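Residue numbers (my numbering): 854 to 1070.
Structure follows, in C-alpha cells:
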C-alpha cells in the first residue's frame, strides 16, 4: 500500500498518539492508512527535514532523505518501516531521523568532513524548514533574533559528528538516549561530542555574543 499524503489535514484527528497512528498504518483500511500517513508526515517531516538539512551537503540530498524516511515508514509488506517501530526503544521522530541520516550518508559526497555546499543550499533549507510548522523552543528563540543565521552557520561548520549531535539534542530537543539511537552510538559518545561541539561554538561565537561598546574619540 502506498500512502497518499493529503495536502491539508485540518479536518483530521491530529491529537492521536504516534503509537495509534502507526497501528493504523499496519491494520487500518486504505482510508485510515492514508489519514495516519498524512498526520505522521505533517507532524514529523519538519523536524526530519531540519535535521537532514544540517547534515547533508546539499538541499537536494536533504529533501531526498526526508522523503525516503516517510516512504520507508509507509511501505507495505515486511519492508515497511512501521513494523520496525517499537515505542519502548525510542520515539517515532528518532526512528525517522535515523532513516534519513542513513540515506544522507549513502548519498553524501566524498568529502570526509561533509562540508556544506558552497551555495549554502543546505543552510537555506534549514531556515526555510523552520517556517513549515511551529518550531521547538530552541528554534523559536533563534528565529526571533538577528543572530540566528550566524549561529546556524556556525553549527553548519562543525565537523559532521559534532554537528549531528548538537542539532539532535540542542536544536531538536532529543534526549541523549534518543540521539544515540539515531546515530547508533553509546550515550557517552553523544555527551562527549556535545561537549566538544559546544566548546567549538563558544570559541567561534564569542565575539558575536559579546556586547561591544564604542570607543569615544
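The beta-carbon is built from N, C-alpha and C at its ideal position, and this holds for glycine as well.
What you are looking at is a predicted structure, and each value in this text was computed from that prediction instead of being measured.
Using C-beta distances below 8 Å, list every residue in its chain close to residue i, excluding the 5 sequence neighbours before and after it, in chain order.
i: residue 1020; result: 903, 904, 907, 908 and 1008
i: residue 957; result: 905, 908, 909, 914, 915 and 918
In whole angstroms, give me the CA-to-CA distance for residue i and residue j.
i: residue 916; j: residue 1052; result: 30 Å
i: residue 946; j: residue 1030; result: 13 Å
i: residue 892; j: residue 940; result: 17 Å
i: residue 931; j: residue 870; result: 23 Å
i: residue 873; j: residue 936; result: 13 Å
i: residue 925; j: residue 894; result: 12 Å
i: residue 952; j: residue 927; result: 13 Å
i: residue 1043; j: residue 929; result: 34 Å
Comparing alpha-carbon positions, which option in the options lies nearest residue i?
i: residue 1050; options: 893, 1004 and 912; result: 1004
i: residue 950; options: 1030, 910 and 897; result: 897
i: residue 1026; options: 920, 1057, 900 and 942; result: 900
i: residue 938; options: 879, 1028 and 1032; result: 879
i: residue 1006; options: 944, 1057 and 918; result: 1057
i: residue 1022; options: 1002, 1010 and 1046; result: 1046
i: residue 875; options: 1037, 890 and 1024; result: 890
i: residue 1037; options: 1054, 1018 and 1024; result: 1018
Counting only the same chain and skipping the five closest in sequence on each side, list residues whose C-beta sits under 6 Å from that of residue i.
i: residue 885; result: 877
i: residue 933; result: none
i: residue 943; result: 1031 and 1034
Could you name the residues of the same chain whose beta carbon sits closer than 7 Å to that of residue i, not counting the 5 residues immediately before and after it, in chain order?
i: residue 1014; result: 1046
Which runs of the alpha helix (DSSP H) spanning at least 4 residues fall entirely within the segment 907-961, listed in chain order? Complete alpha helix (DSSP H) runs here, min 4: 912-927 and 945-960.
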